[in-house]
Amino acid sequence: MVVLEDEKDVVRAYTLTAGEYWLGASERLNVNTLYRAFPMTTLQLVERFGRDAVSTQVRERYDRGDWDREVELVHAIEPNEGRNIEVLDNRNMPFRSVWFEKSGAGDELLSVGGFEEFPALRPRWHLVGNDVWGRSPGMDALPDARSLQLM
4 MVVLEDEKDV
14 VRAYTLTAGE
24 YWLGASERLN
34 VNTLYRAFPM
44 TTLQLVERFG
54 RDAVSTQVRE
64 RYDRGDWDRE
74 VELVHAIEPN
84 EGRNIEVLDN
94 RNMPFRSVWF
104 EKSGAGDELL
114 SVGGFEEFPA
124 LRPRWHLVGN
134 DVWGRSPGMD
144 ALPDARSLQL
154 M
């Protein structure tokens, strides 16, 4: 789950679907990186980022009323290694947040910002070796549950 600031509700939580996101961990095995690829409609894109931020193709769709066409987005949250700690703005926070259209033309970004703390909730029961995803008691019970379902 990703918890982001929201102008209307203070914070808003977005649950992530398995397969639409990837996690990365630091050398201490703390999850500190999240990449997410998911669709948004043309209208949702313009509402979120503004008409001037989206690609020309999305802007044209929006202008002609084709609001329900989906566009594949990527949201990357990662450590901001090149930040200037003396500058206090959202581009120099400990974690960088970058949004872009997956099929967008050129190097245009929808949004670049940052977070003081990693905004993704990523609970893990315990790790095995260098595993980013971790294991849980549910994984131990899964074979028994499958056997019971067959019976």
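Okay, so the sequence shown: first residue is 4 according to my numbering, each after it adds one. By construction, the Cβ of each residue, glycine as well, lies at the ideal position given by its N, Cα and C atoms. If you're wondering where the values come from, they're calculated on a predicted model, not measured in any experiment.
Can you give the Cα-Cα distance for residue i and residue j, rounded to whole angstroms?
i, j, result
"E119", "G27", "18 Å"
"M142", "L37", "23 Å"
"W163", "W136", "There is no way to answer for residue 163, as the model of the chain reaches only from 4 to 154."
"M96", "V90", "9 Å"
"E23", "R51", "20 Å"
"V131", "A148", "22 Å"
"D66", "S29", "44 Å"
"H2", "F41", "With the chain covering only 4 through 154, there is no way to say anything about residue 2."
"D134", "N33", "11 Å"
"R72", "I88", "41 Å"
"Y17", "K105", "20 Å"
"L124", "D55", "32 Å"
"M43", "N35", "25 Å"
"T59", "G53", "12 Å"
"E111", "A144", "47 Å"
"S150", "R39", "34 Å"
Taking Cβ positions, are residue i and residue j nearer each other than 8 Å?
i, j, result
"G116", "N83", "no"
"V14", "L7", "yes"
"N31", "T45", "Note on identity: in this sequence residue 31 is Arg, with Asn being the wrong assignment. The answer is no: Cβ separation not under 8 Å."
"V5", "P122", "yes"
"R61", "L76", "The question names Arg, but residue 61 is Val in the sequence shown. Not closer than 8 Å, so no."
Below 8 Å on the Cβ atoms is my contact criterion, and I expect residue i with residue j to pass it. Report the Cβ-Cβ distance as a whole number of Å.
i, j, result
"L113", "V57", "7 Å"
"E81", "F98", "7 Å"
"P140", "W128", "7 Å"
Run through the DSSP bridge pairs and tell me what residue i is partnered with.
i, result
"L26", "L37"
"E8", "V14"
"A123", "V5"
"W114", "According to the sequence shown, residue 114 is Ser rather than Trp. W102, per the DSSP bridge assignment."
"R138", "H129"
Can you check the stretch 29–107 for any alpha helix (DSSP H) of at least 4 residues that lies completely inside it and give the ranges in chain order? 45–52 and 59–66
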